[in-house]
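Protein chains in written order, with this note's numbering: chain A, 91 to 224; chain B, 91 to 224. Just so you know, even glycine gets a beta-carbon here, dropped at the ideal spot from N, CA and C.
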DNA sequence: CTAAACACCGTACTCAAGTACGGAGTCAAC
DNA sequence: GTTGACTCCGTACTTGAGTACGGTGTTTAG
């Protein structure tokens, strides 16, 4: 019943999507997830559609998209907006590439200092600290 | 006179270090940069030492350290704290490595979708959007 | 029938590294 | 001798993605 029930409270939806209840409310405030109509005593009822959307958000996050970008992505039409989606994705790839290059530069500079510290003159002052202040 | 003067106001120091005045004040509030004594009419006077420290902070930032870590690093002794400095640097290298791996996973997944979108059946629904919602 | 668990909502707080604002005092140039 | 640029300081705002809190109403299990 957990994964195939068609109706959720916010709590069961949160557990099903592996997300915090507050996160769902936050997405609603952002307009990323609809606030379903209240039924009966003032509780909102969620559907499989809401669960699917939460999962799509998580997948997009794992691909590196921000919530704002995800809002755009999820508003696109699968049939007619292929180019838009592809452009968004391609831009993101470029951005990630740039970030990777930057991180690799950091990493290499730092690793060299560590090496230098490990194999250099043990009596000399720390090469890492010297590199910072020189 | 710009780079070799030994006395600065906060504004000239900021220009010399290529940093915003507010950033200097922020570092002072954080305790990362000392607040020099006021002289004369209530203005603080900065020295080459302050400029050197600002530059060290920027270098450390470029290597990926946070201000909190930089505070620790800059409190270390070049002679006696080699091992501590090296451990901090090595930990940072590992962290950067992990982040790079994560970004490469994103990048590859995303690039594959883009490729799929570019060379796949142009009549079919967008593979990127389908990947999100499926 | 009542106590625990849950839901509702608005508001405020978190982290990091700043940036911006506002009011008051000071210094230099014309 | 005043205008404009600069400094002082505390406080508040920014971004992104949530998390936490507080008060009130509801549902469910025993």
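Residues of chain B with a Cβ closer than 7 Å to the Cβ of residue 187 of chain A are, in chain order, 197. Look at the beta carbons and you see the stretch 138 to 153 of chain A not touching the stretch 188 to 201 of chain A: under three pairs across the two are nearer than 8 Å. Within the same chain, 217 come within 7 Å of residue 210 of chain A by CB-CB distance, once the 5 residues on both sides are set aside. Comparing alpha-carbon positions, the option among B/198, B/203, B/201 and B/181 lying closest to residue 197 of chain A turns out to be B/181.
Measuring C-alpha to C-alpha distances from residue 155 of chain B to each of B/178, B/167 and B/100 identifies B/178 as the nearest. When Cβ-Cβ separations below 8 Å define contact, residue 109 of chain A makes no contact with chain B. With respect to chain A, the C-beta atom of residue 114 of chain B has no partner C-beta closer than 8 Å. Contact annotation: residue 135 of chain B and residue 124 of chain B have beta-carbon atoms that are not nearer than 8 Å. Annotation: the continuous alpha helix (DSSP H) that includes residue 223 of chain A extends over 217 to 223. By the rule that beta-carbons nearer than 8 Å mark a contact, residue 121 of chain A does not touch chain B. Measuring C-alpha to C-alpha distances from residue 219 of chain B to each of A/168, A/157, A/103 and A/145 identifies A/168 as the nearest. Per DSSP, residue 198 of chain B is one residue of the alpha helix (DSSP H) stretching across 172 to 209.
By the 16-neighbour rule on beta-carbons within 10 angstroms, residue 140 of chain B is buried. Not a single CB atom of chain A sits nearer than 8 Å to the CB of residue 134 of chain B. Listed along chain A, the residues sitting closer than 8 Å to residue 171 of chain B by beta-carbon distance are 216 and 219. When only Cα atoms are considered, residue 99 of chain A and residue 203 of chain A end up about 54 Å apart. Annotation: the continuous alpha helix (DSSP H) that includes residue 116 of chain A extends over 111 to 120.
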